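To keep things clear, I will list the structure first and then write my remarks on it.
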Amino acid sequence: MRDLYSNLKTTQVLAPAVYDADQNSDPVDLQGFGSCMLLVNVGAAGVTLSETDKIELEVEETDDKVSGPWTDVDPADLAKSATGANDGCFAVIDSAGDDSAVYATAYRGHKRYCRVVVNFIGAHGTGTPICVTALLGHAHVAPVTE
1 MRDLYSNLKT TQVLAPAVYD ADQNSDPVDL QGFGSCMLLV NVGAAGVTLS
51 ETDKIELEVE ETDDKVSGPW TDVDPADLAK SATGANDGCF AVIDSAGDDS
101 AVYATAYRGH KRYCRVVVNF IGAHGTGTPI CVTALLGHAH VAPVTE
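Letter 135 of the sequence shown, counting from 1, is numbered 135 in the numbering used here, and no numbers are missing.
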């Protein structure tokens, strides 16, 4: 099958909502797939973003989603990385032009599970709309079913 619909699995891992505190997405189970792209849709920030009031997006990994431990992904295992407070960071949203955007990276690690961590740094009394979607590709069995 040459169409993407039959070859990608789309999974919402953090429901669209207005958040003002750290969030962990649901775990993404990579079993049966050879690739994973993580998309974070960020709306208009509820605060004035700065170096002290910012949002950092990172990826964590584990082989056991129940007992963990969840660890920061090595930047070499991400298609896109950024310098943030933790390893595994792929985006730092710290200025007005950085919000209202979609941020993406691909997980290249070898653990069974990964997840996105949304870190709110500083004062965020008013929330920011955010959601996270995982796209799983290179399925071991196609077509991919929902």
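By construction, the Cβ of each residue, glycine as well, lies at the ideal position given by its N, Cα and C atoms.
Note that this is a predicted model, so its numbers are computed, not measured.
Secondary structure at residue i, three-state DSSP: helix, strand or coil?
i: residue 122; result: coil
i: residue 77; result: helix
If distances are taken between C-alpha atoms only, which option among the options comes closest to residue i?
i: residue 177; options: 142, 19, 113, 122; result: Beyond the ends of the chain as shown, which are 1 and 146, falls residue 177; an answer cannot be given.
i: residue 61; options: 132, 128, 26; result: 26
i: residue 76; options: 63, 51, 85, 110; result: 110
Mind checking whether residue i and residue j have CB atoms under 7 Å apart?
i: residue 99; j: residue 44; result: yes
i: residue 39; j: residue 102; result: yes
i: residue 42; j: residue 124; result: no
i: residue 8; j: residue 137; result: yes
i: residue 132; j: residue 14; result: yes
i: residue 135; j: residue 91; result: no
In its own chain, which residues sit with a C-beta less than 7 Å from the C-beta of residue i, not counting the 5 before and 5 after it?
i: residue 93; result: 42, 49, 54, 55, 99
i: residue 108; result: 77, 78, 79
Tell me, to the nearest whole angstrom, how far the beta carbon of residue i is from that of residue j; I am working on the premise that it is less than 8 Å.
i: residue 22; j: residue 127; result: Between residue 127 and residue 22 the Cβ distance is about 12 Å, and since that is not below 8 Å, they are no contact.
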